[in-house]
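Counting along the sequence shown from 1, when you hit position 107 you're at 108 in our numbering, and nothing is skipped either side. The C-beta atom is built at its ideal place from N, Cα and C for all residues, glycine as well. Have a look at the structure below, then the notes.
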Amino acid sequence: MYIYIRAMKRSITFEWPLLPGSVSTARSRCGKPGCACKGKPARLHGTYYRWTGFIDGKRTTKTISQQAALECQRRIRNFRKLQREIERVVRAALGEAPWLPRATESKRGKKR
Ligand SMILES: [Zn+2]
2 MYIYIRAMKR SITFEWPLLP GSVSTARSRC GKPGCACKGK PARLHGTYYR WTGFIDGKRT
62 TKTISQQAAL ECQRRIRNFR KLQREIERVV RAALGEAPWL PRATESKRGK KR
C-alpha cells in the first residue's frame, strides 16, 4: 500500500537580515604594570563586544563595536525566530507522518 499525498507548497515568512551565532561582552586586564586595570578597585578594560558563531563550519569569534553588537543582536533575534518557525513546521510534519492514521485525505490519496 502506498500513501500518496499531493505535493503542496507552504511558506515561511521571516524578517531579514538574519545572523546565526551569539553576542557576548567581556571586560579584561592588560599586561601593563601599574595600569588602572590592576588597581584597587580595578578599572577593567572594555566593555568589548564579540560575535561568536560558525563560518564555513569553523567556530569563529569576532571583536565588534557596540553598534555592530546591537545590530548583530537584532539579526540573531530574526534568526532564532526563523528557527522556531522551522521547528513548528517540523512538529506539524511529524504530526502528519506517513505511519500515522490519516483523517480525511487518505481515501482520495490512496493508490494500489
Ligand atoms: Zn590595563
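Distance from the Cα of H46 is smallest, within the candidate group C36, G54, T53, for C36.
About 5 Å separates the beta carbons of A27 and Y49, which is inside the 8 Å limit, making them a contact pair. Under DSSP, A27 takes part in a beta bridge, and its partners are Y49. Look at C73: its beta carbon is at least 7 Å from all of the heavy atoms in ligand 1. Contiguous beta strand (DSSP E) elements confined to the region 54 to 110 occur at 59 to 65, taking only those with 3 or more residues. The same chain holds no residue with a CB closer than 6 Å to that of A69 once the five nearest residues on each side in sequence are set aside. Sorting L20, V90, P42, Q74 by C-alpha distance to the C-alpha of R30 places P42 at the top.
Looking from the CA of S66, the closest CA among R103, E97, V24, F55 belongs to V24. Burial check for G58: the Cβ neighbour count within 10 Å stays below 16, so the residue is exposed. Taking every protein chain shown into account, the CB of G32 has fewer than 16 other CB atoms within 10 angstroms, so this residue is exposed.
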